[in-house]
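One structure is given here, and the rest of the page talks about it.
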Amino acid sequence: MSVFYLKYRPKKIGELDSDSVRVSLQKILSGRDIPQSFLFAGPKGSGKTSAARIVAKSVNCVEVKNGEPCGKCDNCLEIDRGSSMDVMELDAASNRGIDDVRELRDKAYLLPSKLKKKVFIIDEVHMLTKEAFNALLKLIEEPPAHTLFITCTTDPEKIPDTVLSRLIRIDFKKGNFAEVESALKRAAEGEGLKLDEKILKLIFERSEGSFRNAQKILTELFLELGKNFGSKEVKEWFDGRTGGYGSADLEDDLWKKDTKKILQKMEEMADNGMDFKQYREKLIRYFQNQLLANWGLGVGREGWKRQDLVRWLNLLIAAGKLEKDTNMEQLPLQLAVVEFLIDAEKEDRVIKEEKTELTEVKQETKKEGKEKIIEKMPEVVEVGDFQLEMARVENEWGKVLQVVKPFNHSVEAFLRAARPKILRGNCLVVEVFYPFHKEKLEELKNRSIVEEGLMRVFATKIRFECVLSKGRKKALEIGNDTPMDQVSDNLVNNGEKSIEDKKDLYDVAKEIFG
């Protein structure tokens, strides 16, 4: 039995499932002058090869109408069967050398044996060597009149600009639900299958927008479940592949902070032969979609904090790097889950403690009958399993600078011109004296470097925030004749001692700007 994605692949322009590709090819192929060199760029399973074969039929069809091949003439049927001597497909991944392109060039200069045009379909063209690209460039610059070149790639960035400039590019994208649904229904009608909306959505979610993946999944369902199956059977079939634990299930347990249940489920998934790398990649896409939905781009679950979604994505990406260093497939993902939940529990505890302290202070103020502006800044803050004192942060600030410097000299220089101000929960607030410093330190990549330095010095996770000093105007108004050590004193408010013993701002500026 032929798999569905081969049996029911599109054979005409009108059957192409991607709307944008269909419209582009209809316009190009219905014109008088058809380009001789194309680039089809897009992810795997997006229909590039199918479209290339349709173009080959369009330029060779005996009864073509407005660029649409008839699909019935001998030329069309030969191309569909893959038996035409004048339509050649080359896999650049395994035929990537200059000799392969020279052989292709020799064939290109020979006249077609039967068709009107010789068509060369080069798949994964980005895999060609530099020398092979140079040989191909000479061929597509002045192609023989009887030839057509269609190059396909999943990575157009690797193709030299000189080659790209000679190709008419058509971008293929992952299919949306309506487009994938169209491909599935074509196969379902051909096989006499009944697919309701729930089944179509289940397949689409797991196809990741790939037409080929969707058809492959439908083939597997047909082989294992037969012709008669409903959404319940399909859901159970998918659950059998993930131990019954999907990304939505994981999300629910994360909301409940049920660490034990999550870890138990992961062990069951491991016993069932779950591919944890694939599962982690699905979680990345899941939380990526949640993050986009949080900004109004799509539909997602309400209530997720943006910083939590970003943290999740960072943890999952880091787990991917750890996968290469361990033979225990489930361990990297387990660590990511546990780290996220530990951080979440710490934040919940700190918030609860701060609310309690604030309530107590407000009650005391009310008893005194006075209105006060309450600013609760504890000298000692519990972070993790030990107490971190502000005095320790000040004493070891120099160590933080030393850790940060190898990562980014500019970030270290900005920090040296700042000073730790307060600890608020598990958050260290640092006072800076220039808006530019604050802006740069708050950039995501720079803030991550600082938080990594804090983690290494204090052995616990501490968030980093900046506040702009109220005395910054005074610092900015100092004249050029003011000694640099006096400038440093003014910047830390009325002569208070800085962390780095008032090191000249000249050195700081020199390291930042060179």
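Using our numbering, the final residue of the sequence shown is 514, and nothing's skipped along the way.
C-beta atoms are modelled at their ideal positions from N, C-alpha and C, and glycine is treated no differently.
As the structure is a prediction and not an experimental result, all values here were calculated from the model.
- Counting C-beta pairs with one atom in each stretch, the segment 93-107 and the segment 129-139 have three or more that are closer than 8 Å, which means they touch.
- The beta carbons of Ser50 and Arg9 sit closer together than 8 Å.
- Ser94 carries a coil assignment under DSSP once its states are collapsed to helix, strand and coil.
- Inclusion of Gly47 and Asp17 in the CB contact set at 8 Å is warranted, their separation being smaller than that value.
- The alpha-carbon of Asp155 is positioned some 31 Å away from that of Arg306.
- With a 10 Å radius around the Cβ and a threshold of 16 neighbouring Cβ atoms, Pro406 comes out exposed.
- Per DSSP, reduced to three states, the secondary structure at Ser37 is strand.
- Ala417 counts as buried, since at least 16 other C-beta atoms from the protein chains shown sit within 10 angstroms of its C-beta.
- For the segment 406-469, the full-length alpha helix (DSSP H) segments reaching 4 residues or more read 409-416, 435-441 and 444-458 along the chain.
- Counting C-beta atoms within 10 angstroms of its own C-beta, Leu415 has 16 or more neighbours from the protein chains shown and is therefore classed as buried.
- If you ignore the 5 residues before and after Val87, its C-beta comes within less than 6 Å of the C-beta of Ala56, Ile79 and Val119, all in its own chain and listed in chain order.
- Taking the Cβ atoms as the reference, Gln330 lies roughly 5 Å from Phe276, within the contact range of under 8 Å.
- Counting C-beta pairs closer than 8 Å gives three or more between the segment 312-322 and the segment 267-286, which meets the contact rule.
- By the criterion of a C-beta distance shorter than 7 Å, Val404 is surrounded in its chain by Val411, Glu412, Leu415, Ile449, Val450 and Gly453, once the five residues flanking it on both sides are discounted.
- Annotated three-state conformation of Leu104 is helix, per DSSP.
- By the Cβ-count criterion, Phe436 is exposed, with fewer than 16 other Cβ atoms from all chains shown falling within 10 Å of its own Cβ.
- Note on Asn228: under 16 other CB atoms within 10 angstroms of its CB, so exposed under the neighbour-count rule.
- When rounded, the separation of the alpha-carbon atoms in Leu223 and Leu6 is 16 Å.
- Take Lys235, set aside five residues on each side of it, and the residues of its chain with a beta-carbon closer than 7 Å to its own are Leu202, in chain order.
- Counting C-beta pairs with one atom in each stretch, the segment 159-166 and the segment 177-191 have fewer than three that are closer than 8 Å, which means they do not touch.
- The straight-line gap separating the alpha-carbon atoms of Gly303 and Val310 is approximately 14 Å.
- Using a Cβ distance threshold of 8 Å, Lys261 and Asp271 do not count as a contacting pair.
- In this structure, DSSP gives Cys76 a helical state, which the three-state scheme calls helix.
- Residue pairing by DSSP places Val87 opposite Val119 in a beta bridge.
- By the neighbour-count criterion, in which 16 or more other beta carbons inside 10 Å mark a residue as buried, His409 falls on the exposed side.
- Less than 8 Å divides the Cβ of Glu179 from the Cβ of Asp19.
- Lys440 sits buried, since 16 or more C-beta atoms from the chains shown fall within 10 Å of its C-beta.
- Excluding the 5 residues flanking it on each side, Asn294 has same chain C-beta neighbours closer than 7 Å at Gly300, Trp304, Arg306 and Leu309, in chain order.
- When beta bridges are read from the DSSP output, Glu329 appears opposite no residue.
- Taking a 10 Å sphere around the C-beta of Met328, we find fewer than 16 other C-beta atoms and assign the residue as exposed.
- Per DSSP, the continuous beta strand (DSSP E) segment holding Phe149 begins and ends at Thr147 to Thr153.
- Scanning the segment 10-65 for uninterrupted alpha helix (DSSP H) segments of 4 residues or longer gives 19-29 and 48-60, listed from N- to C-terminal end.
- Where Arg311 is concerned, the enclosing alpha helix (DSSP H) starts and stops at Arg306 to Glu323.
- Look at Asp258 here: in three-state DSSP terms it is coil, with no helix or strand label.
- If you ignore the 5 residues before and after Gly298, its C-beta comes within less than 8 Å of the C-beta of Asn289 and Leu292, all in its own chain and listed in chain order.
- Between Phe149 and Gln36, the CB-CB gap stays under 8 Å.
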